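Heads up: the sequence shown at position 36 corresponds to 36 in full-length UniProt numbering, and the numbers run straight through without jumps. Data first, discussion second: the structure below is written as structure tokens.
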Amino acid sequence: MNEFVKSPSEKSTFSQKGLDGYKFPLENKNIEIYLVVVKQGHDNYIISKEITHVYYVLSGEGFFDIDGTKREVRSGDLIEIPPKFEYTYSGKMKLLLIMNPPWFKGNEQITRKNPSVT
């Protein structure tokens, strides 16, 4: 039976040095949605080969560095990052992350460390 109201997982689905991600259980397998709790930021700069990443800032503020340009973000902002653009983010914020297609191993190329995450 399809549950129409979803809550993120109670345990983190993924963790990195500066953030934790909690996956929403969806019936639709063409996208993935996560609540991302950012304590410092993404620990690396990455390039996604095929996945579009859409971030919505639920609360807090920070910066997204996309293709060499640093952009300030705050609650209510939406950030769309198509494939093949280098990016990272930092700050203290809660993000809703939508990925299309869903994450798969081998999609991300790590290009360098994010110096904002210690």
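We put the beta carbon where it would ideally sit given N, CA and C, even for glycine. Just so we're clear, the structure is a prediction, and the values are computed from it rather than from any experiment.
Proximity below 9 angstroms, CB of residue i to CB of residue j
| i | j | result |
| --- | --- | --- |
| Lys92 | Lys29 | no |
| Leu95 | Leu26 | no |
| Gly41 | Gly62 | yes |
| Ile98 | Tyr56 | yes |
| Asn107 | Ile66 | no |
Cα-Cα separation, residue i to residue j
| i | j | result |
| --- | --- | --- |
| Gly60 | Lys11 | 22 angstroms |
| His53 | Tyr87 | 10 angstroms |
| Ser9 | Gly18 | 19 angstroms |
| Glu3 | Thr13 | 20 angstroms |
| residue 119 | Phe24 | As shown, the chain starts at 1 and ends at 118. That puts residue 119 outside it, with no answer to give. |
| Lys113 | Val5 | 37 angstroms |
| Asn100 | Pro82 | 10 angstroms |
Sequence-distant residues of its chain with Cβ nearer than 8 angstroms to residue i (five each side left out)
| i | result |
| --- | --- |
| Lys84 | Ile47, Ser48, Lys49 |
| Thr111 | Asn44, Tyr45, Ile46, Ile47, Glu86 |
Residues near residue i in its chain [Cβ-Cβ closer than 6 angstroms; skip 5 each side]
| i | result |
| --- | --- |
| Pro102 | Glu32 |
| Ser75 | Val57, Ser59 |
| Val117 | Lys17, Gly18, Gln40, Gly41, Asp43 |
Three-way DSSP call (helix, strand, coil) for residue i in this model
| i | result |
| --- | --- |
| Asn100 | strand |
| Asn44 | strand |
| Gly91 | strand |
Cut-off 7 angstroms between Cβ atoms - residues of its own chain near residue i, not counting five sequence neighbours on either side
| i | result |
| --- | --- |
| Phe64 | Arg71, Val73, Ile79, Tyr87, Tyr89 |
| Asp77 | Val57 |
Residues bridged to residue i [DSSP beta-bridge criterion]
| i | result |
| --- | --- |
| Phe14 | Gly21 |
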